[in-house]
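Engineer: I'd like to ask you about the structure that follows.
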Amino acid sequence: MQQLVYINTIQMDDIIRDSNGKKITTGDRVNFYCKNDSIMREGLITKMAGGSFGIKCDRYVMLYKYKEVDKHMISKID
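Just so we're aligned, residue 58 is where the sequence shown starts under the working numbering, counting upward by one.
Here is the structure:
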């Protein structure tokens, strides 16, 4: 008889690289080109999962795909 064992796992946040090659993940502060109003803004990376992530700035919470990092010039603030 075969037994199946299910283990609860906590999915770690995905890690991607910004336009400058630095790793960014949830909670990092970034500069980015806002696709809503075409202005460079400062924001906070929100939940990263499933190939997309949010950036929360003073006016918006925008959704970006991982492959849009270079297009929107997302770069980590040290």
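For each residue, glycine too, the CB sits at the ideal point set by N, CA and C.
Which runs of the beta strand (DSSP E) at least 3 residues long sit entirely within the stretch 67-105? Give them in chain order.
Structural biologist: 86-90
Engineer: For Tyr-121, which residues does DSSP report across the bridge?
Structural biologist: Phe-110
Engineer: Nearest CA to the CA of Gly-111: which residue from Asn-77, Lys-79, Ser-76 and Val-87?
Structural biologist: Answer by Cα proximity: Val-87.
Engineer: Spatial neighbours of Glu-99 within its chain, please: C-beta separation below 6 Å, excluding the five flanking residues on both sides.
Structural biologist: Here the set comprises Asn-88.
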